[in-house]
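Reading through the C-alpha cells given below for one structure.
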Amino acid sequence: MKYLARIILAFFFFGVGVFEQPASAVDYRLVKITDELDMPWGLAFLPNGDLLVTELSGSLRRVSNGKVSDPILNVPDVLYEGQGGLMDVVLHPDFAANNLVYLTYAAGTSDANHLVLMRARLENDALVSPETLYKTQNRNRPVHYGGRLVFLNDGTIILTHGDAFDEREKAQDLGSSTGKILRLTETGGVPSDNPFVNQSGVQPEIFSYGHRNAQAVVYDPQSNRIYTHEHGPRGGDELNLMRPGVNYGWPAITYGIDYSGAKITPYTSLPGMEQPLIYWDPSIAPSGMTLYQGDMFPEWQGDLFMTSLRFKNVYQVEMQDGQPGTQQTLFEDINERLRDIRTAPDGSLYILAEGKSGTIWQVLRK
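Below is the structure:
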C-alpha cells in the first residue's frame, strides 16, 4: 500500500519526484520541549535521554526534561557572522566509553575564515582535552559552510563543506576542499581508501565534489548508503545519493538560476556529472535531514525527512532501494523556520526551529 502511489506520474514544483498529500495521515502529536534557545543548529541524543544542542552564536547546551542548561564550558570561540557560528554536534559511536563529542564551527575573520572540525570529552558539563581535527582552506565570506557530520560503519566521518558563495568554481577544483563532501578518520586523518588518495595536486580528503552547500548528511548503516541534500541558488535544491569520487556538477550543471535572474550555466546535465535523486524548483531551502529507522512510526520506516527553512515544514520522501517515491509535507502547524530534524532512540522525531526564541519540538504518536 505504501508504494502504490508511486505509479502516479506527477511533478512537484517542476521537481524530479512525485508529490501528493497522503490519503490518510499518520496520527501524531507535536509537543514543544523548549523555546529558550538562541538560533539552535544541531542536536544529539545523550545516553541518559538528555539532548546536546548547538546554538549558532557559540553555545553548546544540555536540555534535560525541557530545561536548558547554562552554556557548557570550554567551547572554542567561533566566528558568529553571516552563516557562521557553532554548527553541528555528533557523538562518537563509542560515546558511552569515551565521552567524545564532535563539533563543527566557523573560525577566523570576516574576510579570512574557515570551517573547523574538533572533538573533546564531555565531562560534568564541560569540554575537556579539545582537539582540532581538521580545518578547511580559508574563504573570503562567512557563508555556505555546509558543516554537517555523520559517522559511517567503518568509523570514518563524512563532513560537508560548502562553496563559500563567491568561490563556486572551486567546487570543480580537486585541489580545493571548497564545495566538497569530505571523508576523514575519527582523528581527522585521511582514510587510505579515499577515492583521490596519492593523486598529485588533489586534496586526498575529498570524497565527492561539485557541491554548492550541503546542509544535511545521513547514513543508512544497513545498506551503506549516504544521502545529502544541498541548497541550490534560485531553484535547484537537490537530494543526492553519494558515491565516492563522483562529480555532482555544481556549478557546471544546475536546475537553478542566479539570484539576479541570470543563468549560471545553460546545462542541467553533462557527461560524467551525476544527476540528483530529486531537485526542487522553486527552492525549499532544505536544512537538516533524518532517515527514519525507529519503531514509533512503522509507516515511515526507511523514509527521509528534511526540514524546510523557506516553507516552514518538513518534507517526507518515501524511499525504496535508494530511490525516491512520493513526497508529502508535514508539521505545518509549527510555522517556524526549521533547521534540523533527528530520530530519537525511542523512535520519536525531534525538530529544531531557529530564532532568538528557538524551539525544540517532539513528534509523538497519538
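Here this note's numbering is used: the first residue of the sequence shown is 12, the next is one more, and so on.
Note that the Cβ used here is the ideal one computed from N, Cα and C, for glycine as well.
Non-local beta-carbon contacts of Val100 in its own chain, meaning distances under 6 Å to residues more than five positions away in sequence, involve Gly53, Ala55, Leu63, Thr65, Leu114 in chain order.
Restricting attention to Ile237, Leu185, Thr45, Thr189, the CA atom closest to the CA of Gly212 is found in Leu185. In this structure, DSSP gives Asn224 a state outside helix and strand, which the three-state scheme calls coil. When rounded, the separation of the alpha-carbon atoms in Thr354 and Tyr361 is 6 Å. Bounds of the alpha helix (DSSP H) holding Phe106 are 106-109. Inter-segment contact for the stretch 238-249 and the stretch 195-202 is absent: fewer than three beta-carbon pairs are separated by less than 8 Å. Contact annotation: Gln94 and Pro51 have beta-carbon atoms that are not nearer than 9 Å.
Judged by pairs of C-beta atoms under 8 Å, the stretch 209-229 does not touch the stretch 78-93, as fewer than three such pairs exist. If the five residues before and after Asn109 are omitted, its C-beta is found closer than 8 Å to the C-beta atoms of His103, Arg132, all from its own chain and listed in chain order.
A direct Cα-Cα distance of roughly 11 Å separates Ile169 from Pro202.
Look at Asp344 here: in three-state DSSP terms it is helix. His155 has its alpha-carbon roughly 16 Å from the corresponding atom of Ile295. Ile217 and Thr147 have their C-alpha atoms some 11 Å from each other. When Tyr238, Asp174, Asp136, Glu142 are compared, the shortest CA-CA separation from Asn151 is found for Asp174. Taken in chain order, the whole beta strand (DSSP E) runs of length 3 or more contained in the stretch 69-123 are 71-75, 97-102, 111-120. Separation of Met317 and Met98 (C-alpha to C-alpha, rounded to the nearest whole angstrom) is 17 Å.
At the C-beta level, Tyr259 and Glu285 come within 9 Å of one another.
In the three-state reduction of the DSSP assignment, Gln148 falls in the coil class, being assigned neither a helical nor a strand state.
For Glu216, no beta strand (DSSP E) run applies, since DSSP gives it neither H nor E. Our two residues, Tyr270 and Ser368, have alpha carbons roughly 29 Å apart in a direct line. Within the same chain, and ignoring the five residues on either side of Tyr303 in sequence, the residues whose Cβ sits closer than 8 Å to its Cβ are Trp311, Gln312, Gly313, Asp314, Leu315, Phe316, Thr354, Leu360.
The beta-carbon separation of Arg159 and Gln214, rounded to 19 Å, does not stay under the 8 Å limit for a contact. For Pro277, the closest C-alpha among the options Ala263, Val79, Ala123 is that of Ala263. A direct Cα-to-Cα measurement between Trp291 and Ala273 gives close to 18 Å.
Membership of Leu349 in the beta strand (DSSP E) is indicated by the continuous run 349-354. Gln339 sits in a strand when the DSSP states are folded into three classes. Per DSSP, Tyr290 is one residue of the beta strand (DSSP E) stretching across 289-291.
Secondary structure of Gln373 (DSSP, three-state): strand. Residues of the same chain with a CB within less than 8 Å of the CB of Tyr145, apart from the 5 flanking positions on each side, are Val127, Leu128, Leu170, Leu193, Leu195, Gly199, Glu216 in chain order.
Around the beta carbon of Ser75, fewer than 16 other beta carbons lie within 10 angstroms, which makes this residue exposed.
Distance from Leu84 to Ala137 at the Cβ level is roughly 4 Å; contact confirmed, criterion being Cβ atoms closer than 8 Å.
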